[in-house]
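In full-length UniProt numbering, the protein residues as written are 1 to 577.
Every residue gets a Cβ at the ideal spot worked out from N, C-alpha and C, and that includes glycine.
Owing to the predicted nature of the structure, the values given are computational and were not obtained by experimental measurement.
To keep things clear, I will list the structure first and then write my remarks on it.
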């Protein structure tokens with residue numbers, strides 16, 4: 001029986017991102033899909049700003065591929081149209097798609113899911129050196145799994161795959177089985193994990209089309225609500241437009257292209273909407289569901305993407321949440337398997353964080369979907385809701401609260417808790433904000449959130465004033481035998497240090513431990529201002545491999561000691577600390 005570290009069922013964005021990240025972290029991975037080729041039409045279509053930030057950190061070449069090479073459309077604005085008392089449509093509001101200047105890509109990248117899948121596979125091949133353009137075992141469907149005791153086998157999960165063309169069966173053994181196989185997940189069903197939630201009776205059609213129109217905002221994301229119903233439009237690549245069309249009173253089987261086009265013409269009156277061609281069409285009823293657990297069988301079976309959460313597609317979160325699921329899961333598998341961290345603790349942290357985020361998404365989606373379904377009220381409800389929640393829809397304001405991987409007030413080390421006042425504008429459990437910076441070594445312009453690319457390492461940011469007194473104290477402690485860099489080296493904790501000063505300094509005058517990486521020291525007065533750090537006081541900011549802030553401490557030995565306890569907690573039981 002062939003053996004790999006990880007078998008992934010499902011080759012959509014969730015499965016392919018997991019394959020990319022795990023391959024980069026040194027795992028052997030088999031990604032399996034029942035389809036004979038990647039997605040050709042339809043499905044997901046937009047990458048939000050935070051997702052673009054994540055993909056840039058995983059692979060700058062992948063980010064460039066998606067934003068510069070594949071057919072796409074950058075969506076910078078969104079508008080709302082309502083009907084007046086006479087039933088005439090008017091633009092009630094227009095907004096930036098991403099008003100948050102703490103992220104580099106302030107737009108939604110609209111492109112076909114198949115282009116995204118191809119780019120992810122090209123990025124994986126760039127790491128593995130494979131020459132085949134498709135990184136997936138195609139035409140094989142998940143048929144089941146069995147488990148043996150880990151003490152009896154290094155690969156305790158046996159996976160059965162059925163060839164959908166020939167009926168041939170294939171057996172694979174692995175350490176972990178990942179279910180990225182969508183809302184009707186066979187892996188989730190095989191584990192007996194309930195998919196709890198509800199579905200509404202509201203039927204929607206989604207249609208990709210080319211058209212002739214005099215509607216002024218056809219190349220802007222637009223929400224149109226009239227007496228005839230509700231439609232959302234999204235501009236796509238190659239002049240395509242996507243329409244989400246509410247078909248009130250229709251069964252899903254009645255939601256044909258013809259029905260959707262007729263409704264488009266009604267809702268957009270008096271604008272001309274002449275559909276030239278339909279590229280793709282589907283229909284759905286709105287449902288919001290979350291798996292009761294993301295893990296099963298002693299954390300050997302793990303779910304991600306639509307296999308563990310589903311919701312309406314109109315807020316553009318499904319693929320984006322799935323990609324973040326994959327990054328998070330890869331991070332924790334790496335810590336558990338490659339670094340020897342406490343396995344159950346790490347994989348439970350994945351569930352705690354990502355399921356918590358999914359529950360927040362469901363609450364948001366339920367309210368958003370109910371507002372979208374209502375007829376025009378001159379934007380008095382939907383527009384304020386949209387403005388208030390833009391941080392959530394862009395992905396930039398996602399926050400984790402309770403997790404073993406966050407040294408905040410919820411952590412059981414809270415008696416030795418972090419000092420968030422050291423960086424008042426940063427939040428433990430949220431992404432590190434963008435801050436332009438200049439490398440001291442060669443004056444390369446960069447940004448602090450990308451000072452370390454995704455490789456499984458923690459990023460330890462040391463902020464100090466130009467006198468460097470506190471920085472020297474920190475460097476001396478890091479070099480001492482009591483430092484977690486020395487003590488935890490036996491446990492293979494991977495940490496990369498990033499020194500940040502507010503003004504000019506010579507790289508070769510920095511303490512030796514801060515000169516181990518030429519790209520590890522920066523000047524950035526903006527960072528101190530944006531993060532709320534006093535140059536005189538300084539700060540330590542610990543950032544996880546996935547870009548989320550794990551701890552904020554004072555730049556002094558007591559702060560370093562608290563971090564030592566935190567790293568010890570990842571590899572030992574709390575009773576041993």
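Please say whether residue j and residue i have beta carbons closer to each other than 8 Å?
i, j, result
"residue 278", "residue 257", "yes"
"residue 80", "residue 382", "yes"
"residue 116", "residue 24", "no"
"residue 499", "residue 471", "yes"
"residue 343", "residue 299", "yes"
"residue 301", "residue 136", "no"
"residue 34", "residue 304", "no"
"residue 495", "residue 458", "yes"
"residue 109", "residue 59", "no"
"residue 439", "residue 522", "yes"
"residue 448", "residue 432", "yes"
"residue 177", "residue 170", "no"
"residue 49", "residue 396", "yes"
"residue 437", "residue 524", "yes"
In this structure, how does DSSP classify residue i when only helix, strand and coil are distinguished?
i, result
"residue 57", "helix"
"residue 135", "coil"
"residue 553", "strand"
"residue 546", "coil"
"residue 23", "helix"
"residue 405", "coil"
"residue 309", "strand"
"residue 64", "helix"
"residue 163", "strand"
"residue 378", "In this predicted model, residue 378 has a pLDDT of only 48, less than 50, meaning its place in the structure is not dependable; the value taken from the coordinates is given anyway. Coil, per DSSP."
"residue 146", "strand"
"residue 11", "coil"
"residue 417", "Confidence at residue 417 is low in this model, with a pLDDT of 49, below 50, so its placement is unreliable and no value can be given for it."
"residue 187", "helix"
"residue 89", "strand"
"residue 464", "coil"
"residue 427", "coil"
"residue 235", "strand"
"residue 560", "helix"
"residue 296", "strand"
Cβ-heavy atom distance between residue i and the ligand SAM below 7 Å?
i, result
"residue 433", "Summarising the ligand content, the structure contains no ligands, and the ligand SAM is consequently not present."
List the residues that DSSP assigns as beta-bridge partners of residue i.
i, result
"residue 95", "78"
"residue 204", "246 and 284"
"residue 265", "Bridge partners of residue 265: none, in fact."
"residue 230", "225"
"residue 272", "According to DSSP, residue 272 bridges with nothing at all."
"residue 459", "496 and 543"
"residue 172", "2 and 159"
"residue 436", "447"
"residue 195", "291"
"residue 31", "8 and 136"
"residue 567", "Its beta-bridge partners do not exist; DSSP assigns none."
Could you tell me how far apart the beta carbons of residue i and residue j are, in whole angstroms, since I believe they sit closer than 8 Å?
i, j, result
"residue 398", "residue 54", "Not really, about 11 Å apart at Cβ, beyond 8 Å."
"residue 175", "residue 29", "That belief does not hold up - the Cβ atoms of residue 175 and residue 29 are roughly 11 Å apart, past 8 Å."
"residue 497", "residue 514", "6 Å"
"residue 20", "residue 123", "5 Å"
"residue 423", "residue 541", "6 Å"
"residue 153", "residue 145", "About 13 Å; that fails the 8 Å criterion."
"residue 242", "residue 285", "At roughly 18 Å, the Cβ-Cβ gap does not stay under 8 Å, so residue 242 and residue 285 are not in contact."
Does the CB of residue i have a neighbour CB from chain C at under 8 Å?
i, result
"residue 7", "Reference to chain C is not applicable here, since this structure consists of a single protein chain."
Using CA coordinates, which residue listed in the options is at the minimum distance from residue i?
i, options, result
"residue 318", "229, 180 and 230", "180"
"residue 464", "532, 12 and 284", "532"
"residue 16", "386, 241 and 114", "114"
"residue 107", "20, 346 and 51", "51"
"residue 204", "247, 217 and 227", "247"
"residue 206", "49, 389, 160 and 42", "42"
"residue 91", "565, 289 and 225", "225"
"residue 297", "2, 147 and 535", "147"
"residue 527", "518, 538, 517 and 519", "538"
"residue 217", "95, 353, 325 and 227", "95"
"residue 501", "512, 516 and 520", "520"
"residue 506", "553, 536, 443 and 228", "443"
"residue 402", "428, 390 and 395", "428"
"residue 362", "182, 74, 546 and 196", "196"
"residue 276", "565, 213 and 335", "213"
"residue 118", "65, 479 and 138", "65"
"residue 368", "134, 36, 288 and 553", "288"
"residue 44", "571, 8 and 14", "14"
"residue 261", "365, 233, 237 and 239", "233"
"residue 578", "408, 517, 334 and 425", "Beyond the ends of the chain as shown, which are 1 and 577, falls residue 578; an answer cannot be given."
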